[in-house]
Each structure stands twice: as C-alpha cells, then as structure tokens.
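Q: Below is the structure I would like to discuss, written out as structure tokens.
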Amino acid sequence: MSNLATVTQLRPVERPAERRVAEIEDGYTRLANALYDELIGADLTKNQSKVAHAICRKTYGFGKKMDRISDSQLAQLTRLPRQKVNKAKNELIAMKVIKRDGHLIGPNKEISEWQIEGCHYSGDNVTAMVTNSVTKTVTALSPKQSHTKETITKENKETTPLPPEGGDGQGSKPEKRKANRIDYQAFLLAYNEEVGELLPHAVALNDSRKRRLKKLIPQLKTPNAEGWRAYVRAFVHQAKPFYFGENDSGWSADIDYLLRDSTLTGVREGKFAGKEMA
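Just so we're aligned: the sequence shown equals residues 1 to 278 in the UniProt record's numbering.
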C-alpha cells in the first residue's frame with residue numbers, strides 16, 4: 001500500500017488595507033480664505049506651488065506667521081529634491097509670495113505686493129525674449145543696410161562734395177564711435193543654463209546688477225558672454241555643497257554672489273574647493 005502525501009495549498013494571509021482618513025481632530029491649518037484663493041489662482045510652477053503650500057503648512061499649521069524652516073523639511077513634505085526646493089523657495093521670495101526676515105520665512109499676507117506675472121523663471125521665457133529681440137532687429141534692416149559694402153561705388157567716390165574755399169573741410173564732424181552695447185540677456189541666459197537646478201535662477205538684471213556685471217566683464221579671461229559662462233561653470237564645478245544650500249541656514253549662492261570681485265578671484269585661485277568663503 002503506497003503512502004500518498006497530502007499537499008495543502010496555503011493561501012497568503014490578506015491583511016486589510018489601512019484606511020487613511022483626514023480628520024480635523026488630527027490638526028488643521030487656519031489660513032485666510034483670501035490668501036488661499038490667491039495661492040490657488042496664482043500662475044506658479046508645480047514646484048513653486050508645492051513649496052508655497054508647504055511653507056503655509058509649516059507656519060500657519062502651527063499657529064505661526066513665520067518660522068525657521070529648513071529646505072530638508074520642505075523637501076520631506078513636498079517630496080522634491082532639496083535643490084529644487086531651494087530654487088523654488090528663492091523664486092517665491094523674489095516674487096514676494098514668501099517673505100524672509102533673517103532666518104525666518106512665511107507667506108506674505110500682503111497679496112497686493114505679489115509680483116508673479118512674468119517673474120518666475122520658465123525655460124522658454126528667456127529664450128523667447130532673446131529670439132524676439134533678435135528677430136525684430138534683423139527684420140528691421142533693409143537690403144541696402146545689410147549690404148553697405150556693395151553701395152560704395154566709384155561714382156559715389158567721385159561725387160563727394162568739396163569743402164568751400166577758405167574752409168578746412170571740417171564743417172561736419174564725424175560721429176563718435178559708440179561703445180559696444182552689452183547684451184545683458186545673453187549673460188542672464190548663460191548663468192541660468194550653467195547653474196541648472198543647482199542654484200536659484202536669475203529672472204532679471206536690474207540696474208545694480210548691470211553695473212556690477214559691466215565692472216566684472218573686463219576682469220574675465222574672455223571679456224564677453226562666453227567668458228562669463230566659463231566663469232559660472234568653473235564656480236559650479238569647484239564649489240562645495242555648502243554653496244548649493246546644504247547648510248543649516250538654507251543659504252545658497254546666487255547671481256549676486258557671482259557678481260562679486262572676491263568670488264571671481266576665489267574661483268581663479270581655487271578657494272571654493274576648500275574652506276567656505278563668507
């Protein structure tokens with residue numbers, strides 16, 4: 001008589017899925033409807049919106065108007081990388097959606113101060129501005145203006161009017177050569193492209209930044225937009241995580257920091273690879 005083994009199929013134990021229900025007893029955020037409505041309708045990027053709501057949660061959610069909130073706390077709440085959090089936070093501060101007081105940050109209740117339209121950086125915004133300006137300049141030129149060399153003929157040379165007798169031929173003084181105009185938009189675009197997601201993007205060059213850039217350009221190895229690009233790229237490669245917001249205060253370098261003479265000197269001397277500069 002043969003022995004038959006009895007095989008019993010064991011079914012996995014099914015555990016009921018945990019129900020997650022939001023209850024007001026677990027806490028709530030007391031936020032003015034006007035402020036919340038404005039956040040909903042604001043033309044913010046996805047990351048900016050997430051960070052703005054996270055800051056509201058970390059302040060008003062604890063009954064505070066402002067608080068010291070680290071990028072790591074916001075990253076945990078928004079589920080974004082800390083570098084993207086830092087970039088979005090600085091953009092919100094520039095738009096005055098978020099206000100900063102020392103190490104404290106919080107939502108700006110003065111919604112009339114918000115400067116959102118055209119302020120936050122989009123990868124296409126800068127390109128569009130440059131393309132439009134170049135297109136307008138090119139299309140404004142007539143064929144005669146774009147081929148001036150061909151219009152200087154022998155006949156034109158022979159019919160040049162002579163100065164009156166007794167004159168010195170200096171009746172009309174030649175115009176002074178205009179100084180080369182700086183394409184500030186090209187410098188802005190180069191900075192944003194080189195820093196990528198590592199540092200806050202620059203959204204505009206105000207008069208103060210233009211003055212500092214004009215002063216810095218002659219000090220570059222190649223005094224033009226490409227020389228500026230090379231300088232920014234060198235800083236990004238040399239600098240330690242401290243300069244990209246990985247510190248207790250949440251501070252990170254920005255375009256204003258790179259416009260300092262001391263920063264350019266530090267890059268040339270390789271100081272950023274060592275001890276942090278103030």
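By construction, the Cβ of each residue, glycine as well, lies at the ideal position given by its N, Cα and C atoms.
(1) Where does L205 fall in DSSP's three states?
(2) Just to confirm the assignment, what range does the beta strand (DSSP E) spanning K87 have?
(3) Just confirm the distance between the C-beta atoms of T29 and R57, as a whole number of angstroms; I'd bet it's less than 8 Å.
(4) State buried or exposed for D248, treating a residue as buried only when at least 16 other CB atoms are found within 10 Å of its CB.
(5) Can you round the beta-carbon distance between I182 and K214 to whole angstroms, since I take them to be within the 8 Å contact cut?
(6) CA-CA distance, D26 and G61?
(7) Near L264, what residues of its chain come up, given a Cβ to Cβ distance below 7 Å and the 5 sequence neighbours on each side ignored?
(8) Under 9 Å, do A88 and K50 count as touching if we go by C-beta distance?
(9) K99 bridges to which residues according to DSSP?
(10) Within this structure, are the beta carbons of D101 and G250 separated by less than 9 Å?
(11) Roughly how many angstroms lie between the CA atoms of A234 and K210, to the nearest whole one?
(12) Could you tell me which residues DSSP puts in a beta bridge with D67?
(13) In three-state DSSP terms, what is L198?
(14) Does the region 30-43 come within contact of the region 95-112, defined as at least 3 CB pairs closer than 8 Å?
(15) Flag this pair as yes or no: are the beta carbons of I111 and I55 separated by less than 9 Å?
(16) Span of the alpha helix (DSSP H) holding V21?
(17) When you compare the CB of R211 with every CB in chain D, is at least one pair closer than 9 Å?
(18) Would you mind reading off the limits of the alpha helix (DSSP H) that contains N180?
(19) For I116, I'd like the list of residues in its chain whose CB is within less than 8 Å of its CB, leaving aside the five on either flank, ordered along the chain.
(20) Leaving out five residues on either side along the sequence, give the residues of the same chain with a beta carbon under 7 Å from the beta carbon of M66.
(21) For a quick check, are the C-beta atoms of N47 and L77 less than 9 Å apart?
(22) Looking at C-alpha atoms only, which residue of K64, K84 and N33 is the closest neighbour of E246?
A: So, from the data block:
(1) coil
(2) Segment R82 to A94 is the alpha helix (DSSP H) holding K87; no beta strand (DSSP E) there.
(3) 6 Å
(4) exposed
(5) 6 Å
(6) 11 Å
(7) L216, Q219 and Y231
(8) yes
(9) G106
(10) no
(11) 21 Å
(12) I105
(13) coil
(14) yes
(15) no
(16) Run containing V21: none; DSSP gives neither H nor E here.
(17) You won't find chain D in this structure, because it holds only one protein chain.
(18) From DSSP, N180 is part of no alpha helix (DSSP H); its letter is neither H nor E.
(19) A42, D43, L44, M95 and V97
(20) T59, D101, L104, I105 and G106
(21) no
(22) K84
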